[in-house]
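Beneath this line is the structure, given in structure tokens, with notes to follow.
2 protein chains.
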Amino acid sequence: MHIDDKHADCCDENVVHDDLIHLVADDMPEEEELYDLAELFKVFGDTTRIKILYTLFKSEMCVCDIAEVLGMSQSAISHQLRVLKQAKLVRNKRDGKQIIYSLDDVHISKIISMGLEHVKE
Amino acid sequence: MHIDDKHADCCDENVVHDDLIHLVADDMPEEEELYDLAELFKVFGDTTRIKILYTLFKSEMCVCDIAEVLGMSQSAISHQLRVLKQAKLVRNKRDGKQIIYSLDDVHISKIISMGLEHVKE
DNA sequence: TGTTTATATGAATAATTGTTCATATGTTTA
DNA sequence: TAAACATATGAACAATTATTCATATAAACA
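Protein chains in written order, with my numbering: chain G, 1 to 121; chain U, 1001 to 1121.
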């Protein structure tokens, strides 16, 4: 009763629960890995960025055209492209005055289409 | 030159770009669907919620035990479980005094493991 | 029935974030 | 070289959000 009694007033007398708690807690992935994972999904968690990714599925495109497709300011798009690039979801190359953006990850479309399946239910 | 000249000073003379813009813009999914998709990913975009989902992969569990596994307050966990439930990612059932939470979607583990693949690269 | 236990929830606060505006950087063209 | 164009970026502001604290709800038990 006194051994393994970590928490004071909640689920207290249940030894089975305590076993389960340690079992699950010990198997939790690294803090940093979970943080990175959450950061990745955070990037998908914005309509503008989702639209940009959708756009780049179709074709690589310069910043100005992406802004035109989405009907948003060049600055707003540029800021979001930076976020996407930091997450290694897009890459860019220069073509004269323009910077051409394209998708930089094979998992993206799978992740998104899987999310869509869930949403559509 | 005057026809199809939607934007004033950017990518202006390039008719090919204008074609591309309309092609891509017309194929964009419904605003509401994209919004829902972003909302779904937003739910994954928090370390606490990711940890809760990871925990529930292992086993269904009462609120108090989840709080214990994560070393967080019961209130914080309860708030987050509500978010997860609204997103239909978890469900609950009553068992006496306790409420037992479990995963409520087959896509979740696929989505998360795919995200992990990307992060690990 | 009254007390204890487990969970939920509203309000408040601190932190994060998306867009706008102004401007800087870097390339092309006249 | 100067002007025009495409993109990037810092600061500011508004909006959203995760946690805490206090308290409400609801079941179990004495």
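Positions of the beta carbon are idealized from the N, C-alpha and C atoms, including for glycine.
V1024/U is positioned such that its CB atom lies no closer than 7 angstroms to that of K88/G. A straight-line Cα-Cα distance of about 8 angstroms links L81/G and V90/G.
With respect to the C-alpha of R49/G, the residue from E1031/U, V1063/U, D1065/U, C1062/U having the closest C-alpha is E1031/U. Considering only beta carbons, the part of the stretch 80-100 of chain G lying closer than 9 angstroms to chain U consists of A87, K88, L89, Q98, in chain order. Listed by position along chain U, the residues whose Cβ is nearer than 9 angstroms to that of D27/G are Y1054, K1058. Contact check for E1068/U against I1100/U fails: the beta carbons are separated by 7 angstroms or more. Flagged as an interface residue toward chain U: L40/G, by a C-beta distance shorter than 7 angstroms. Taking C-beta atoms under 8 angstroms as the contact rule, I52/G and V63/G fail to qualify, at a distance of about 10 angstroms.
Unbroken alpha helix (DSSP H) stretches of 4 residues or longer found wholly inside the stretch 18-103 of chain G: 31-44, 47-58, 63-70, 74-86, given in chain order. It is roughly 37 angstroms from the alpha-carbon of G45/G to the alpha-carbon of G1096/U. Here S109/G has F57 as same chain residues with Cβ atoms under 7 angstroms from its own Cβ, once five neighbours each way along the sequence are excluded. Restricting attention to Y1054/U, T1055/U, L1037/U, the CA atom closest to the CA of T47/G is found in L1037/U.
In the three-state reduction of the DSSP assignment, H1118/U falls in the helix class, which pools H, G and I. H118/G and S75/G have their C-alpha atoms spaced approximately 32 angstroms apart. CA-to-CA, the gap between K1085/U and L1034/U works out to about 20 angstroms. The Cβ-Cβ distance between M114/G and I1111/U falls below 7 angstroms.
From the listed residues L70/G, V83/G, D27/G, the smallest Cα separation to M1028/U is found for L70/G.
Taking a beta-carbon distance threshold of 7 angstroms, E1117/U counts as an interface residue toward chain G.
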